[in-house]
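As structure tokens, the structure follows; a few thoughts come after it.
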Amino acid sequence: MDKVAVGQSTLSRHMKILEESGIVTARKAGKWTYYSISAEGSEKAVRLSKELTKVAIVQGADENAKCRE
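Residue numbers for the sequence shown, in the numbering used here: 444 to 512.
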């Protein structure tokens, strides 16, 4: 199992926020809660990734143009 460098209560709170926002779904089994990215969360991640990529490309082009001046 991978380790995360945050406390369990902090992680639980963040996962609850993600669940409330619709990004992840939660399934309880006994004392454990299993989280999965939701279809909506997956779509949001793809849109955000595309937007961040566009921003990075535009910023890179702007910086290249400044270097040529």
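Quick reminder that beta carbons are idealized off the backbone N, C-alpha and C, glycines included.
Nothing here was measured: the structure is a model prediction, and the numbers come from that model.
Using C-beta distances below 6 angstroms, list every residue in its chain close to residue i, excluding the 5 sequence neighbours before and after it, in chain order.
i	result
Tyr478	Met458, Val467, Ala469
By Cβ distance below 7 angstroms, which residues in the same chain neighbour residue i in space, the five residues on each side in sequence not counted?
i	result
Leu454	Val447
Grab me the residues of residue i's own chain with a C-beta within less than 8 angstroms of its C-beta, minus the 5 sequence neighbours each way, in chain order.
i	result
Leu461	Val467, Tyr478, Gly484
Please state whether DSSP places residue i in a helix, a strand or coil.
i	result
Ser513	Missing from the structure shown is residue 513; the chain here goes from 444 to 512 and no further.
Lys471	strand
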